[in-house]
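J.: Residue numbers (the numbering used here): 6 to 612. All C-beta atoms in this analysis are idealised placements derived from N, C-alpha and C, irrespective of residue type, glycine included. Starting off with a structure, shown below.
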Ligand code: ADP
Ligand code: MG
């Protein structure tokens, strides 16, 4: 068999497979072209999820007669003037999108070059299944309109891979939203199957304000109200954007938007860095909301990894990761004990409508398929039948400042951010009075967080203080579990838990972390076994410190259901103020909600 060159139509169809995967990829490529053309308004409309018809109209620079014919030719582009693949300043550069669409669908482009003085200088060109017509005179006031009809009619096998109209429409909308987040000064509209168009009005102000306004249009007011601004630099790289407080979290990482030099990307390295930055604040199955914009010299990043251009490769990946983790951690630390407003808004709404029971704004309470620590921890946060107060508050006794502060109460306590404790309700919540309102603290969640932060600090300083048990406690397990635990004995000792083998199938615990106070040792050991089995051999306990600490805190902390004395409550509040990140528990739920007097007055119609 002899070798032959494939005909042009076939080459285009093969290449189209990579560029045009589904209607959303057509929409993405067309909107990118409109942005590259400097458009201020971009309209997108779809029929049948885009399979039947896609139309993108812009008011950008447009194309003259000769350019129009070239635009649908493979590898013809106006965007690489210097032939330098490492100096890319536009979204497009491969010159493949339009010819690919012409190869697998019926493509019509109508355009008018902005710089043409002639009144009737608009032209239209049609390509179907790779066959191209000559440009014909047309009517168009300005800019460009690209229509793509009967997508994949020339390659019907592809049609089978399309999902429902609804899914394809949603993906196309998301493609538009991603690009819109990087171009807040451009107005967008999107309509599908004759429905009411979704409009993203152009936002004004400096880039930062404009972006936040655009993010609010797309992610909701909630995000804007609970977002922290990010600005960081490292060498020639800059990172800007907005990140959500950990208490505003979701079950899916679908609201994390990352941009490199204005291009939306889905990149494992970047997402991994985000996860790393939040890992202290969120359970593994919860995800923050954020939009981050990385700018770096084009030569530092290769966007030519895949025809869809959503993957990138960094020359210095370590620096990029360091920049992101550093900037995010810093912002989260600055936020201190701030918690989302969503909680108190919800509380107020619930009071207003008298529907407090049942629903909760923190979806971690809803059943999720992953049975993780979050649920485990919730189990402990449920009130116990009855637990008499025994001894001083575990954990806090180790902190001298807490006791000292407790003495000075209650005269000036209201001037503290978390106020003076006035009551404990249902043996679960501490209610305190602040200068201008009230605070309700979830005592278990708060204490769990304090234990975690204290342990982390202690580990950084060398070791965790331990206390010996008068009577060592023997815990019966099964043989594998006991062996697994004993193999981690050294690591556990560093965390303050000293145990050793006690014949097959049992361990004996001799010392426990001092800051946990009196605790349910057998319960802790059994849960740790589960924790260690779940994490496998690859990870050290230190790397999973958050989970281990949560487990420990659950057994040692002020469980819900324990009655607290006033000075214990106040000590807990003071400790929360002094501890970074105490506004949420280790699973990203808030540890307290704050109601201001002005809000309470509104409830009673006083305002
Ligand atoms: P690329 O964007 O990679 O250059 P495309 O196939 O998407 O390749 O587009 C080819 C060329 O057609 C572009 O380089 C540009 O000059 C022109 N073009 C495409 N869309 C538009 C538009 N909406 N407005 C003005 N010019 C456009
Ligand atoms: Mg393009």
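Please classify residue 64 as buried or exposed, where buried requires at least 16 neighbouring CB atoms within 10 angstroms.
T.: buried
J.: Would the stretch 49 to 67 count as touching the stretch 23 to 39 if we require 3 or more Cβ pairs under 8 Å?
T.: yes
J.: Examine the ligand ADP and report whether any of its heavy atoms sits within less than 7 Å of the Cβ of residue 104.
T.: yes
J.: Could you check what DSSP says for residue 242 in three-state terms: helix, strand or coil?
T.: strand
J.: May I ask which residues mark the beginning and end of the beta strand (DSSP E) holding residue 471?
T.: 471 to 481
J.: Could you check whether residue 73 and residue 112 sit closer than 8 Å to each other, using their CB atoms as the reference points?
T.: no
J.: When the distance is taken between beta carbons, is residue 259 closer than 8 Å to residue 317?
T.: no
J.: At a cut-off of 7 Å, is residue 611 close to the ligand ADP when judged by its beta-carbon and the heavy atoms of the ligand?
T.: no
J.: Are there any heavy atoms of the ligand MG lying less than 7 Å away from the beta-carbon of residue 34, as far as the coordinates show?
T.: yes
J.: Whole-angstrom Cβ separation of residue 166 and residue 181, contact assumed at under 8 Å?
T.: The Cβ separation is near 21 Å, so there is no contact.
J.: Span of the alpha helix (DSSP H) holding residue 15?
T.: 13 to 24
J.: Just confirm the distance between the C-beta atoms of residue 330 and residue 278, as a whole number of angstroms; I'd bet it's less than 8 Å.
T.: 5 Å
J.: Tell whether a beta-carbon distance below 8 Å holds between residue 67 and residue 149.
T.: yes
J.: Confirm the yes/no value for this check: CB of residue 23, any heavy atom of the ligand MG, distance under 7 Å.
T.: no
J.: Could you name the residues that DSSP lists as bridge partners for residue 193?
T.: 47, 205
J.: With contact counted as at least three CB pairs below 8 Å, one residue from each stretch, are the stretch 450 to 465 and the stretch 549 to 557 in contact?
T.: yes
J.: Is residue 266 near the ligand MG - that is, is its Cβ less than 7 Å away from at least one heavy atom of it?
T.: no
J.: For a test of the three-state rule: what should DSSP assign to residue 523, helix, strand or coil?
T.: Of the three classes helix, strand and coil, the one that applies to residue 523 here is coil, per DSSP.
J.: So, residue 579 versus residue 429, is the Cβ gap smaller than 8 Å?
T.: no
J.: Using CA coordinates, which residue listed in 482, 22, 118 is at the minimum distance from residue 144?
T.: The shortest CA-to-CA distance from residue 144 to any of 482, 22, 118 is the one to 118.
J.: Does the ligand ADP have a heavy atom nearer than 7 Å to the CB of residue 467?
T.: Because no heavy atom of the ligand ADP lies under 7 Å away, the Cβ of residue 467 does not count as near it: no.
J.: So, helix, strand or coil for residue 64, using DSSP?
T.: If DSSP states are grouped into helix, strand and coil, residue 64 belongs with coil.
J.: Helix, strand or coil for residue 4? Go by DSSP, reduced to three states.
T.: Outside the shown range of the chain, which is 6 to 612, sits residue 4, and nothing can be said about it.
J.: Using DSSP with H/G/I as helix, E/B as strand and the rest coil, what is residue 597?
T.: Residue state, collapsed to three classes: strand.
J.: Once the 5 residues before and after residue 208 are set aside, which same chain residues still bring their CB inside 7 Å of it?
T.: 189, 190, 215, 218, 219
J.: Does the Cβ of residue 37 lie closer than 7 Å to at least one heavy atom of the ligand MG?
T.: yes
J.: If we ignore side chains and look at the alpha-carbon of each, how far apart do residue 8 and residue 106 end up?
T.: So the alpha carbons of these two residues sit roughly 28 Å apart.
J.: Check this for me: beta carbons of residue 490 and residue 504, under 8 Å apart or not?
T.: Contact: yes.
J.: Expressed to the nearest angstrom, what Euclidean distance is found between the alpha-carbon atoms of residue 257 and residue 175?
T.: 16 Å
J.: What are the boundary residues of the alpha helix (DSSP H) that residue 83 is part of?
T.: Looking at the DSSP string, residue 83 is not in any alpha helix (DSSP H), and its letter there is neither H nor E.
J.: Within a Cβ cutoff of 6 Å, which residues of the same chain sit near residue 204, ignoring the five residues on either side of it in sequence?
T.: 194
J.: With distance defined between alpha-carbon atoms, name the residue in 598, 177, 249 nearest to residue 49.
T.: 177
J.: Are the CB atoms of residue 184 and residue 36 nearer to each other than 8 Å?
T.: yes
J.: Secondary structure at residue 374, three-state DSSP: helix, strand or coil?
T.: Legend: pLDDT at residue 374 = 31, less than 50; position of this residue unreliable, value from coordinates given subsequently. Coil, per DSSP.
J.: For the alpha helix (DSSP H) containing residue 310, list its first residue and its last residue.
T.: Residue 310 -> no alpha helix (DSSP H), and no H or E assigned at all.
J.: Using the three-state DSSP reduction, which class does residue 442 fall into: helix, strand or coil?
T.: strand
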